[in-house]
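Peer 1:
In the working numbering, the protein residues as written are 870 to 1096.
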């Protein structure tokens, strides 16, 4: 299991992300930060304060898709059976990965999984509780976005779209359908495309509500539904 965190000038956001990842209770995973040509001290932060984290420096901004692909290739080359992709502006619950893996092992047909995601600034308000893709327009929608969590999305369910903010992917899926398409450089729609290809290849996408994560959305993209 490899946790890949793509970073571009994350600074203190990256620190918070790494601190939460290091507190996750699932023991059998390794963390990789892929730095996409940061001009701040992000790489120094990782190198000096997170010695157990592997740092890959791209030297330039490869965009969301290809930047993550660098980390995915590394994870697969190291023999990783699962790849967890995380934004650099999230805080994960300690049991997030354990809850996702508890569901993942139930069915080999599950190709990708997603946690319940809240706004970090509104910690009981949904940013993502499953999603959908309009195949005509390519526009994605997040179920529950902007609504308070009152238990209305507490069932494990199949979904049509998993956001690249937090995406757990089975190795077999990556080998079968490929990674992110760099055509979408610099960002947006890569996750919708990969979700769609995974579904069309016969794999399930599953939303796991007991797995929780908080997303500092505005810090990454000015708000909205982007990764």
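Where is the CB? At the ideal position from N, CA and C, for every residue including glycine. On a predicted model such as this, the values are computed, not experimentally measured, just so you know.
In angstroms, rounded to a whole number, what distance separates the CA positions of residue 875 and residue 1059?
Peer 2: Answer to the nearest angstrom: the Cα atoms are 14 Å apart.
Peer 1: Could you tell me if residue 1072 is buried or exposed, where buried requires 16 or more neighbouring beta carbons within 10 angstroms of its beta carbon?
Peer 2: Buried is the call here.
Peer 1: What do you get for residue 871, buried or exposed, if any count of 16 or more other CB atoms within 10 angstroms of its CB means buried?
Peer 2: Burial call: buried.
Peer 1: Could you tell me the boundaries of the beta strand (DSSP E) in which residue 1010 lies?
Peer 2: It spans 1009-1011 - the beta strand (DSSP E) in which residue 1010 sits, taken as one unbroken run.
Peer 1: My guess is that residue 945 and residue 1040 are in contact by the Cβ rule of under 8 Å, so how many angstroms apart are they, rounded?
Peer 2: With 8 Å as the limit, residue 945 and residue 1040 qualify as a contact, their Cβ atoms being about 6 Å apart.
Peer 1: Any idea what DSSP makes of residue 1032, helix, strand or coil?
Peer 2: Three-state result, residue 1032: coil.
Peer 1: Expressed to the nearest angstrom, what Euclidean distance is found between the alpha-carbon atoms of residue 927 and residue 938?
Peer 2: Each residue's Cα considered, the two are about 11 Å apart.
Peer 1: Just verifying my parser: in three-state terms, what is the DSSP assignment at residue 913?
Peer 2: In this structure, residue 913 counts as helix in the three-state DSSP scheme.
Peer 1: In this structure, does DSSP put residue 1098 in helix, strand or coil?
Peer 2: This structure gives no information on residue 1098, because the portion of the chain shown stretches from 870 to 1096.
Peer 1: When the Cα atoms are used, what is the spatial distance from residue 1049 to residue 920?
Peer 2: Straight-line Cα distance between these residues: approximately 28 Å.
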